[in-house]
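Okay, structure first, notes after.
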Ligand SMILES: Nc1ncnc2c1ncn2[C@@H]1O[C@H](COP(=O)(O)OP(=O)(O)OP(=O)(O)O)[C@@H](O)[C@H]1O
Ligand SMILES: [Mg+2]
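Residue numbers (the working numbering): -9 to 421.
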């Protein structure tokens, strides 16, 4: 039987949590304070810890740090009041991504425990940074997360806007409800309205049934409007109304429908410029930018380049069963000086390929070369093919021509490799 450790100095809370845990079929281990809890962890192995943050003898954060040493990456659910969400960032750094914000119902508690216990990994992607600017920014984000404030995340492509949006949702009291993401750039203009607001039966040809829009699906939770800068001005006006009135109009609907949704919007466009050039409504901008967050590009975070490159190298080395231990001095210098137009996403991909290709324990600058040979501004069909070809041939070299192994390394099927090789035809006399 799996055990869950409950740590809270409040007798009533302890009793309620114990009851929830037992009712769900787990064994409960209860502690009144962190010192008591750490002592219990010496003797008993638990599958999860639920802990308050404000307790006598030791603060919640120190407790989490100590507990981590004993339970590894097992999940920790943090119970917190509004005010203490401010140290959400520090707590998150300890690998905590589950919060219950007081007050909550018995049902909230059991639902959360169930979600955590049925999940296979502890935390979804976390935000890795050692940059002072970023840390300050995350600190602020931590405190805004708990509110219902609209958040606008600005930043170049690949800077981590979506990761941050998901983090805000996770750290908010809406985290039991869905985060519904809509990529405004990916949906054709004429479909976006019904996608967002839904439609009534018969609203247009083909509308056989009533369909709920993303706003309705996000009710009680958060909607992530990705690439908001791509919205047409008609839709911008409609969105403004939703933000003001907290109700939506389904396409073909006669009555507005009230919705309770927190909006997080992102864009990689310069909205001030879009406003100046008449493409973005200023009034909508003011509504959205109640709390603007500017994610700095990677090239302005040299510490993070190093940290993230190391993180990705370790991750992919593990995934690909290799024994990469780091980068050569030359490679580190290369990473530091590159422009990283595609930011973290580009770095992640570059390191992924380098790990794949590297022949020794240290990744060298030559392992990044296939990327460098492609001008970043002009990636066309042809150069992508060349890159692909390069990658496949290099991988085949490392596997001594074994296609099954190469396919595994590249994360594609053998069939794909065969097709690609056939597609390149004569260009591949060697294999
Ligand atoms: N701080 C971080 N630590 C680790 N990984 C990160 C971090 N920030 C971003 N990433 C990773 O970088 C990639 C890009 O992040 P994300 O999709 O959030 O960027 P984005 O700004 O939304 O990009 P786009 O503008 O292209 O939509 C993802 O794979 C994400 O997991
Ligand atoms: Mg994005």
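Even glycine gets a Cβ: it sits at the ideal position worked out from N, Cα and C.
This structure is a prediction, so every number in the text was calculated from the model and none was measured.
Would you mind sorting residue i into buried or exposed? The rule is 16 or more other CB atoms within 10 Å of its CB.
i	result
residue 404	exposed
residue 267	exposed
residue 205	buried
residue 42	buried
residue 423	The requested residue 423 is not part of the displayed model; the chain covers only -9 to 421.
residue 203	buried
residue 181	exposed
residue 226	buried
residue 408	exposed
residue 183	buried
residue 257	buried
residue 160	buried
residue 432	Residue 432 is absent from the structure shown; the chain starts at -9 and stops at 421.
residue 362	Residue confidence is low: residue 362 scores 44 on pLDDT, short of 50, so the model does not pin down where it sits. No coordinate-derived value is stated.
residue 162	buried
residue 327	exposed
residue 217	buried
residue 324	buried
residue 365	Only weak support is given to the placement of residue 365: the predicted model assigns it a pLDDT of 45, under 50, and the value that follows is read from those uncertain coordinates. Exposed.
residue 307	buried
residue 406	exposed
residue 38	buried
residue 292	exposed
residue 260	exposed
residue 12	exposed
residue 10	buried
Can you tell me which residues form a DSSP beta bridge with residue i?
i	result
residue 42	69
residue 201	189
residue 216	173
residue 248	237
residue 88	67
residue 256	143
residue 352	316
residue 18	-6
residue 281	141
Residue i: which of the options sits nearest, CA to CA?
i	options	result
residue 64	106, 413, 342 and 233	106
residue 124	295, 306, 336 and 20	295
residue 102	128, 23 and 168	168
residue 399	189, 343 and 200	343
residue 235	262, 270, 195 and 277	277
residue 149	0, 289, -3 and 138	289
residue -7	48, 46, 24 and 61	61
residue 228	263, 185, 122 and 19	185
residue 3	13, 40 and 385	40
residue 247	209, 221, 275 and 14	209
residue 36	-4, 104 and 50	-4
residue 174	255, 116 and 140	255
residue 356	88, 49, 319 and 389	319
residue 138	93, 379 and 251	251
residue 253	224, 222, 171 and 259	171
residue 224	179, 233, 192 and 263	179
**Item:** Three-pair Cβ contact test at 8 Å for the region 321 to 331 versus the region 150 to 160
**Value:** no
**Prompt:** How do the region 15 to 34 and the region 57 to 66 stand: do at least 3 beta-carbon pairs fall below 8 Å, yes or no?
**Reply:** yes
**Asked** Closer than 7 Å from C-beta to any heavy atom of ligand 2: which residues, in chain order?
**Response** Listed along the chain, these residues meet the criterion: 151, 152, 216 and 256.
**Asked** Below 8 Å, can you find three or more Cβ-Cβ pairs linking the region 302 to 313 to the region 341 to 353?
**Response** yes
**Message:** I want to know whether the region 238 to 255 touches the region 191 to 202 - three or more CB-CB distances under 8 Å.
**Reply:** Yes, they touch.
**Asked** At a cut of 8 Å, does the region 44 to 55 reach the region 120 to 137 through at least three beta carbon pairs?
**Response** no
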